[in-house]
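One line per chain: the protein sequences are G and R, in this order.
FYI, UniProt numbering numbers position 43 of the first sequence as 43, with every residue one higher than the one before it.
FYI, UniProt numbering numbers position 82 of the second sequence as 82, with every residue one higher than the one before it.
2 protein chains.
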Amino acid sequence: MSEQLAKIAINGAGPVGALLAVMLAKKGYSIDLFESRPDSRKTNIYQGKSINLALSDRGWKALQAIGIDEQIRQQAIPMYCRIMHDEQGQLTKLPYGKDNQAIWSVSRSGINEQLIDLAEQEQKVDIHFDHRLNQLNFEDNTAVYLTDGHHQVIHQSDLVIGADGAFSKVRRLMQELPKERISYSLEYMPQSYIELTIAASEDGSHKLEKNALHIWPRKDFMLIALPNVDGSFTCTLFMNHQGEISFSSLTDAQQVDAFFQRYFSDAMPMLEDPVNDFLSKSASPLCLVHIYPWLVNNSVALIGDAAHAMVPFYGQGMNCGFEDCRILAELVELHDHQWPKILDAYQEERKDNCDAIIELAKRNFVEMSDLSGEASFLLRKKIEAKFHQMHPELWVPLYSMVTFSPELPYKKALACGDIQNEIMAEIMRLPNIENDWQQDYVYQHMYQLAQQKLAPLGDQ
Amino acid sequence: MSEQLAKIAINGAGPVGALLAVMLAKKGYSIDLFESRPDSRKTNIYQGKSINLALSDRGWKALQAIGIDEQIRQQAIPMYCRIMHDEQGQLTKLPYGKDNQAIWSVSRSGINEQLIDLAEQEQKVDIHFDHRLNQLNFEDNTAVYLTDGHHQVIHQSDLVIGADGAFSKVRRLMQELPKERISYSLEYMPQSYIELTIAASEDGSHKLEKNALHIWPRKDFMLIALPNVDGSFTCTLFMNHQGEISFSSLTDAQQVDAFFQRYFSDAMPMLEDPVNDFLSKSASPLCLVHIYPWLVNNSVALIGDAAHAMVPFYGQGMNCGFEDCRILAELVELHDHQWPKILDAYQEERKDNCDAIIELAKRNFVEMSDLSGEASFLLRKKIEAKFHQMHPELWVPLYSMVTFSPELPYKKALACGDIQNEIMAEIMRLPNIENDWQQDYVYQHMYQLAQQKLAPLGDQ
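As structure tokens, this is what we get:
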């Protein structure tokens, strides 16, 4: 590969691939963007599926870098807090951050189509739908695509990027190379998920508080709901694939109905035919993917889910992929278009950070499904929020570090979070903390601990 | 699959597959043992490669179960200690266990051929060499094998076992099943290895002490040597694949010669043409494999390296595979030939234990290559050995738990070892421990710590 390369092939026109195409075209490269599926703007390939994603500051920062954030925001709904629904239908509200901080509900297909529209407007981007990657020669970056399932198209480029998702074909082709020593792991979570729907009211309004992410935490399983601009909510039920209460154990309509009535009594009247949905949909698996290296021959690289698929419990999958794009684009400038350097620096910068967010996302299932229903957890959050207000330079809650601090690398958020956990375990063991939590001595003690354990991390 | 199955197909006639064939034939099953390679007893498929393995008590216990241990022992050499060679050629001897305890050097091809001879003597075992597994129907256990590279042979059985090693084809076919949720990881170590040789003296004797495993620990890399019955030693050089001192960085004869002269001065005159071997051989990778589940449809199962490939630094790969076979055979009796129960119990019993030995083996590179050259490590070993003699019921050194305690599950050895590490860290921090290590107070303190931390584990 020449150091000053000209032609880049990006595989996968999902949100990450489409954004990257726009970013690299703006840096002067000729981009071919290949997508195995048809153009979703012309054919309804989502088949009524309305997956929602939570866009937050890392994602916004990437969109802002090419000035398209306000355009995307038109179709996004801010969620300022989580609202927990207990079994009796009692609600508890917990802000995500400070007053004006929110995570934004967007439809996956909507943001994807907006980004494809933007890519199409770039003169230097050619989009090829219905092109399924079949072979890749890693010596000269010649790729073979199948169109109409059998017609072969051959395409050669200076750099090949795999932005083709959790089940990446580029990655699978890399793994088949006999001489590369590619470490890889695919880990299935015990949980699977199905999507359910709460339709809009007849007047088009939302049936639940609109500007919130709703959670029905039931320990081993949970239901969540994210608002859509049309007044509906997209809900996701996460539960074990096998075991006592699981997708495998609930098999007839009566059981499933009883299950929803018992655990989701307030949601039940709003959900659209959940029993039928439950029985007719096959639950999707949740998995984590780690791979290393992300590069082959300095001319094929992975990005987004292809490099680091995670579970959705921190709402960071797309945000992390967008951050990959932003960092890569920044490195293009920093290393003045010298690609071997850019790619090495990209991998070096991103690998550990993406490992960190994969780990954080995995842990967050317990936080969402179990802890968020517990009084002690809510108390801990209140103490942290109060201390954060007193000493914002010393203590930023982990959720805020991950979600609202795009300058802070994930890896550092994970390390700080682990120390915060130790400190909070000590604080929560204080006798009578339930009543004393607003007393000065609590925060003095916390200040001492934070000074001693957290401050050194800040200097690294 | 019927509960009382009749025909079992074992894929892979390596040591584990061959042993399992003998064991299950003795339980009354008809066994077809398939091997992709030709019969090594007739064609020299090892091409002069003389891989050595250390057989220890877990392996012996399995061989004993079918009464073939003494026969195998004829071709094995006991190694009672490690002998460390420092850069000046100074030797330090460290026993593996008590006086009569040894690990046994055997040639991989030799023990494999002995086990194949034994399998051949079993009336109920049919061995099929040159049969390469190509397809497997997991619904009815019909397998397609290729002979002569293209001739198809179809074989149906009640149970299919994959004993086909770290790059198992049975496992790869399992992973391709779309509906199974199979978690998998393949992790490459930074080190690779090549084999070197120290020939026998002209009179056929060993040039180094025969009844020992020799180690040249050099921190980031190491050389080891295991004795053969013909007077030679098989040596293995482990070093980083890439980096400052690595297989990739040493590329010309002068560099390599200087490397051997500097780091292995006493071995250099004995090694057979190491510079040429180093430059002409391509270094083999070291990797770990985890997979879960090990079973599909209760009629296809994995065993040995196919289920849990590990690195060689604890000398447990084959021992662990033999233990798999012994446990499986015991479960056949315990569950009275009820196969779904046998397989579930086998997976339940083995999975965590094999994860534990994979972890222990990975950690042991540092112990062998780095710590074994350090005075504090040797002192720690002496203190542990002394305390073990005083309180054998309370303290068995980790190496002995793994190697000489076949009744103790690997998982428990790992858990105990971690606590022992904590205790020893505290003991080694005692001021003046270098001089006081034989004083009573050291062992009184150690006894208190062990009572407090280790004794509860014994009750589990």
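All C-beta atoms, glycine included, are put in the ideal place defined by N, C-alpha and C.
Inset, instruction - With DSSP as the reference, label E70/R as helix, strand or coil. - result: Look at E70/R here: in three-state DSSP terms it is helix.
Inset, instruction - For H241/G, return the contacting residues in chain R, with the cut-off set at a CB-CB distance below 8 Å. - result: R181
Inset, instruction - For S185/G, decide whether its Cβ has a neighbour in chain R, counting only Cβ atoms nearer than 7 Å. - result: yes
Legend entry - Option in Q88/R, R58/R, A54/R and L94/R with minimal Cα separation from Q75/R: A54/R
Inset, instruction - Evaluate A425/G with the Cβ neighbour count: other Cβ atoms within 10 Å of its Cβ, from every protein chain shown; 16 or more gives buried, anything less gives exposed. - result: The C-beta of A425/G has fewer than 16 other C-beta atoms within 10 Å across all chains shown, which makes the residue exposed.
Legend entry - Completely contained alpha helix (DSSP H) runs for the region 225-286 of chain R, where each covers 4 or more residues: 253-263 and 274-280
Legend entry - Where Y188/R meets chain G, residues with beta-carbon distance less than 8 Å: R181, I182 and S183
Legend entry - Cβ separation of G321/R and I342/R, assumed to be a contact under 8 Å, to the nearest whole Å: Not really, about 18 Å apart at Cβ, beyond 8 Å.
Inset, instruction - Decide if the region 299-319 of chain R is in contact with the region 258-271 of chain R; the criterion is three or more beta carbon pairs, one per stretch, under 8 Å apart. - result: No contact exists between the region 299-319 of chain R and the region 258-271 of chain R.
Inset, instruction - Have a look at V442/R, H308/R, K281/R and Q452/R and flag the residue whose alpha-carbon is nearest the alpha-carbon of W294/R. - result: H308/R
Inset, instruction - Would you please state the rounded distance, in angstroms, between the beta carbons of W104/R and I77/R? I believe it to be under 8 Å. - result: Correct: roughly 6 Å between the Cβ atoms.
Inset, instruction - Report the residue from A415/G, S168/G and S246/G whose alpha carbon sits nearest the alpha carbon of residue 462/G. - result: With chain G covering 1 to 460 only, the question about residue 462/G has no answer from this structure.
Legend entry - Proximity test, Cβ basis, 7 Å: D220/G and chain R: Under the Cβ distance rule, D220/G does not count among the residues neighbouring chain R, no pair being separated by less than 7 Å.
Legend entry - Cβ contact (3+ pairs, closer than 8 Å) linking the region 236-252 of chain G and the region 395-402 of chain G: no
Legend entry - For Y29/R and E35/R, the rounded distance between their alpha carbons: For E35/R and Y29/R, the distance between alpha carbons rounds to 19 Å.
Legend entry - N100/G burial status per 10 Å Cβ neighbour count (16 or more: buried): exposed
Inset, instruction - Using a Cβ cut-off of 7 Å (strictly closer), state whether Q451/R contacts chain G. - result: no
Legend entry - Contact with chain G by P409/R, beta-carbon distance below 7 Å: no
Legend entry - Nonlocal neighbours in the same chain, by C-beta distance under 6 Å from residue 495/R, ignoring five residues either side: The first residue shown for chain R is 1 and the last is 460, placing residue 495/R beyond what the model contains.
Inset, instruction - Taking only beta-carbon positions, decide if P38/R is within less than 7 Å of chain G. - result: no
Legend entry - Distance, F377/R Cα to W437/R Cα: 13 Å
Inset, instruction - Would you decide whether A9/R is buried or exposed? Buried here means 16 or more other CB atoms lie within 10 Å of its CB. - result: buried
Legend entry - the region 188-201 of chain R in contact with the region 216-236 of chain R per 3-pair CB rule at 8 Å: yes
Inset, instruction - Mark P217/G as exposed unless 16 or more other C-beta atoms lie within 10 angstroms of its C-beta, in which case mark it buried. - result: buried
Legend entry - Residue nearest to G317/G in terms of C-alpha spacing, selected from D277/G, K42/G and N353/G: N353/G
Inset, instruction - Verify whether the separation of the beta carbon atoms of R82/G and I224/G is less than 7 Å. - result: Not a contact, by the Cβ cut-off of 7 Å.
Inset, instruction - Counting only the same chain and skipping the five closest in sequence on each side, list residues whose C-beta sits under 8 Å from that of K382/R. - result: The residues are W437.
Inset, instruction - Look at the alpha carbon of G48/R and the alpha carbon of D230/R, and state the distance between them as a whole number of angstroms. - result: Confidence at G48/R is low in this model, with a pLDDT of 48, below 50, so its placement is unreliable and the value that follows should be read with caution. Approximately 14 Å, taken between the alpha carbons.
Legend entry - Same chain, Cβ closer than 8 Å to A385/G, neighbours up to 5 away in sequence not counted: P95 and P397
Legend entry - Proximal residues to Q254/G (C-beta, below 8 Å), its chain only, five neighbours per side dropped: none
Inset, instruction - Return helix, strand or coil for F167/R, following the three-state DSSP convention. - result: Here F167/R sits in coil by DSSP.
Legend entry - Rounded separation between Y410/G and K351/G - CA only: 10 Å
Legend entry - Through-space distance from G315/R to V366/R, alpha-carbon basis: 14 Å
Legend entry - Near-chain G residues of the region 264-290 of chain R (beta-carbon distance less than 7 Å), N- to C-terminal order: P285
Inset, instruction - Measure how close the beta-carbons of L271/G and E187/G come, nearest whole angstrom, since I'm counting them as under 8 Å. - result: With a Cβ gap of about 31 Å, L271/G and E187/G do not count as contacting.
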